[in-house]
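First up is the structure itself, then whatever we jot down about it.
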Ligand SMILES: Nc1nc2c(c(=O)[nH]1)N[C@H]1C(S)=C(S)[C@@H](COP(=O)(O)O)O[C@H]1N2
Ligand SMILES: [Mo]
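In our numbering, the protein residues as written are 11 to 174.
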């Protein structure tokens, strides 16, 4: 094999093996449209820091607002967030099969002061393999039951009336 080709193959194989690929997040919007975000896409969104207590350990989690992530699949937000959208839910999926549902309105920072973020960092460091690459943080939750670890997918689903 020519050296250039060998080099390309090695780069290709190392990309396949790189954690960046394992850190991708699959989003599904209301119309079923799916988008895969890379770790860089997520790190490129405006960052928010939230203090959160997990079983007596208070740490600062950082990442984008869930709403800003979901905007990538056209989820209603801001001025486009209207009546029927209050019957939309977010369903998170995790690598271990854990699922959590949230009201889309609960994730809207214009509606509530407690924010919901998709954290990729804790106290400035990337989340470890047990929690990461992404963990949902619901500011103000007393128990961390909804704080899904190892999140791999987020879907927006309409459970109310069809969009007029
Ligand atoms: N993926 C995933 N996330 C999860 C869970 C789980 O089983 N799987 N358990 C939840 C529950 S019930 C709690 S109390 C917290 C525990 O967080 P910790 O493991 O960081 O203490 O994670 C939450 N997130
Ligand atoms: Mo728990």
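Don't be surprised by glycine CBs; every beta carbon is placed ideally from N, CA and C.
Report task. Leaving out five residues on either side along the sequence, give the residues of the same chain with a beta carbon under 6 angstroms from the beta carbon of residue 148. Result -> Sequence index remark: in the chain shown, residue 148 carries index 138 (1-based). Excluding positions up to five away in sequence, the list reads 126 and 156.
Query raised in the report: Quick one: complete beta strand (DSSP E) runs, 3+ long, within the stretch 63-118?
Result: Listed in chain order, the complete beta strand (DSSP E) runs (minimum 3 residues) inside the stretch 63-118 are 67-73, 98-104 and 109-113.
Query - Buried or exposed (CB count within 10 angstroms, at least 16 for buried), residue 140 - result: Residue 140 sits at position 130 when you count from the first residue of the chain shown. Residue 140 comes out exposed.
Query - Contact belief for residue 83 with residue 114 at Cβ below 8 angstroms, rounded distance in angstroms - result: For the purposes of this step, residue 83 is identified with residue 73 of the chain shown, where counting begins at 1. For the purposes of this step, residue 114 is identified with residue 104 of the chain shown, where counting begins at 1. About 12 angstroms separates the CB atoms of residue 83 and residue 114; that is not less than 8 angstroms, and the two are not in contact.
Report task. Quick one: measure Cβ to Cβ for residue 42 and residue 166, integer angstroms, because I've assumed they're closer than 8 angstroms. Result -> By 1-based counting over the chain shown, the position of residue 42 is 32. By 1-based counting over the chain shown, the position of residue 166 is 156. That pair is no contact at about 10 angstroms.
Query raised in the report: For residue 165, which residues does DSSP report across the bridge?
Result: Counting from one through the chain shown, the residue named residue 165 turns up at place 155. Per DSSP, 38 and 101.
Query raised in the report: In terms of residues, what are the limits of the alpha helix (DSSP H) holding residue 52?
Result: The residue labelled residue 52 in the question sits at position 42 within the chain shown. Unbroken alpha helix (DSSP H) run through residue 52: 49-53.
Query raised in the report: Is residue 136 helix, strand or coil when you go by DSSP?
Result: Looking up residue 136 in the chain shown gives position 126. Residue 136: strand per DSSP, three-state reduction.
Query raised in the report: Is residue 89 near ligand 2, in the sense that its beta carbon is under 8 angstroms from a heavy atom of that ligand?
Result: As a working note, residue 89 is residue 79 in the chain shown. No, the Cβ of residue 89 stays beyond 8 angstroms of every heavy atom of ligand 2.
Requested in this report: With DSSP collapsed to three states, give me the class of residue 225.
Outcome: There is simply no residue 225 to check, as the chain begins at 11 and stops at 174 in what is shown.
Query raised in the report: How should residue 169 be labelled, buried or exposed, when 16 other C-beta atoms within 10 angstroms of its C-beta is the threshold for buried?
Result: Taking the chain shown and counting its residues from 1, one reaches residue 169 at position 159. Residue 169 is exposed by the Cβ-count criterion.
Query raised in the report: residue 116 to residue 164, Cα distance in whole Å?
Result: Position 106 of the chain shown, counting from 1, holds the residue named residue 116. Position 154 of the chain shown, counting from 1, holds the residue named residue 164. Going by C-alpha positions, residue 116 is about 15 angstroms away from residue 164.
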